[in-house]
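Visitor: Here the sequence shown stands for residues 46 to 339, where the numbers follow the working numbering.
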Amino acid sequence: MPQPAGVGRDERTVLFLLERATAYLAERGATSPRLDAELLLASALGVDRLALYLSFDTRPPTDKVDRFRELIRLRGKGMPVAYLTGKREFWSLEFEVTPEVFIPRPETETLVEAALAIWPPGGGHAGWFVDVGTGCGNLAVALAREWPSARFVAVDSSAAALGVALRNAAKHGVGERVFFLCGDWLSAFARRPLFVGMISNPPYIRGADFASLPVEVEREPRAALDGGSDGLHFFRALAAGASCLVAQGGWLLAEVGAGQAQAVRSILEEAGFRDVQARRDLAGIDRVVVGRRR
46 MPQPAGVGRD ERTVLFLLER ATAYLAERGA TSPRLDAELL LASALGVDRL
96 ALYLSFDTRP PTDKVDRFRE LIRLRGKGMP VAYLTGKREF WSLEFEVTPE
146 VFIPRPETET LVEAALAIWP PGGGHAGWFV DVGTGCGNLA VALAREWPSA
196 RFVAVDSSAA ALGVALRNAA KHGVGERVFF LCGDWLSAFA RRPLFVGMIS
246 NPPYIRGADF ASLPVEVERE PRAALDGGSD GLHFFRALAA GASCLVAQGG
296 WLLAEVGAGQ AQAVRSILEE AGFRDVQARR DLAGIDRVVV GRRR
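1. With three or more beta-carbon pairs closer than 8 angstroms as the criterion, would you say the stretch 243-252 touches the stretch 110-123?
2. Express the C-alpha separation of Gly218 and Gly53 in angstroms, rounding to a whole number.
3. Any idea if Pro49 is buried or exposed, counting beta-carbon neighbours within 10 angstroms, 16 or more meaning buried?
4. Does the beta-carbon of Tyr69 have 16 or more other beta-carbons within 10 angstroms, so that it is buried, or is it exposed?
5. Does DSSP put Ile244 in a helix, in a strand, or in coil?
6. Comparing alpha-carbon positions, which option in Gly276, Ala195, Glu265 lies nearest Ala306?
7. Three-state secondary structure (DSSP) at Ala127?
8. Spatial neighbours of Ala316 within its chain, please: C-beta separation below 7 angstroms, excluding the five flanking residues on both sides.
9. Here's the rule I'm using: 16 or more other beta-carbon atoms within 10 Å means buried, otherwise exposed. How should Tyr128 be labelled?
10. Tell me whether Pro47 sits in a helix, a strand or coil according to DSSP, three-state version.
11. Please tell me whether Arg150 and Ala189 are closer than 9 angstroms, where the distance is taken between their beta carbons.
12. Are the stretch 180-199 and the stretch 325-339 touching, with three or more C-beta to C-beta distances below 8 angstroms?
13. Is DSSP giving Trp39 helix, strand or coil here?
14. Could you check the C-alpha separation between Leu226 and Ser137 for me, to the nearest Å?
15. To test your reading of the DSSP string, which unbroken beta strand (DSSP E) runs of 3 or more residues are found completely within the stretch 144-210?
16. For Arg57, collect the residues of the same chain with a Cβ closer than 6 angstroms to its Cβ; drop the 5 residues on either side in sequence, then sort them by chain order.
17. Would you tell me roughly how many angstroms separate the C-alpha atoms of Arg94 and Arg79, rounded to the nearest one?
18. Report the three-state DSSP secondary structure of Val142 (helix, strand or coil).
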């Protein structure tokens with residue numbers, strides 16, 4: 046395997062390993078090489094990042110160094126860090142992730158914030174919510190923890206993804222209130238108003254844009270990314286489904302791609318939703334569109 050310059054068994058202190066691995070990843074185009082190196086070394090050693098800073102001069106065992114070198118090699122080939130460590134933080138919670146699920150992004154926390162603006166944290170929300178395209182379950186689990194009385198149906202077309210989501214729900218103590226359903230989006234439901242809220246981070250990448258995606262994004266499940274020729278296919282499906290499945294006065298909340306907010310607002314308005322508005326993420330991008338069913 047390619048070996049980061051200087052990563053050897055004669056000089057392998059924690060600091061030395063980090064510096065050489067950082068240089069190796071930078072040469073291969075990693076956007077955050079030092080952070081990647083720290084996360085991967087912490088994973089190989091079975092410690093957190095703080096422990097690395099407290100042990101710069103220590104020499105890890107040979108088997109741990111070998112494991113780190115292998116992780117760095119795979120990262121250099123474009124494998125996402127989250128798949129290599131098997132975890133990703135979202136809403137201050139640690140979630141298991143595998144190559145079968147989409148990796149939660151920080152900007153998706155805007156969707157949680159938008160939901161909490163409509164239904165504030167606490168025990169007063171006893172209704173049913175649906176998380177469409179749940180992936181690793183990060184949205185349903187995060188919101189279930191914020192709303193102790195709420196119940197969720199988390200839907201995904203991938204049985205493998207639902208297995209990951211099930212473990213995450215159990216890990217965070219909400220397994221008894223989050224019910225998982227394997228099906229083709231909303232076709233698994235009877236067409237009647239079951240939910241007070243529908244929440245989704247759907248696929249929204251245009252088909253023509255796949256050729257320009259970063260290598261690491263290409264490693265994620267295409268079904269979690271591909272939004273059709275114009276990137277809007279699943280927003281139309283959500284609006285149509287929510288028109289039948291969300292109770293009157295209930296809300297649909299969806300994450301959107303950069304530049305899609307106005308088109309998605311129009312889709313919701315044409316489907317009969319009112320109070321349709323966009324919410325920006327920390328980068329100032331319209332990231333979430335919400336609408337209320339008439």
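Note that CB positions come from ideal geometry on N, CA and C, so glycine has one too.
Guide: The structure says:
1. no
2. Residue confidence is low: Gly53 scores 43 on pLDDT, short of 50, so the model does not pin down where it sits. Its coordinate-derived value is still stated next. If you take the alpha carbons of Gly53 and Gly218, they lie about 43 angstroms apart.
3. In this prediction, Pro49 has a pLDDT of 48, which is less than 50 and means its spatial position is unreliable; nothing more can be read from the coordinates.
4. buried
5. strand
6. Gly276
7. helix
8. Ala284, Ala285, Ser288
9. buried
10. The predicted model places Pro47 with a pLDDT of 48, which falls under 50 and marks its position as unreliable, so this point remains unresolved.
11. no
12. no
13. Because the chain is modelled from 46 through 339, residue 39 falls outside the range shown and cannot be assessed.
14. 26 angstroms
15. 173-177, 196-201
16. Arg104, Val110
17. 12 angstroms
18. coil
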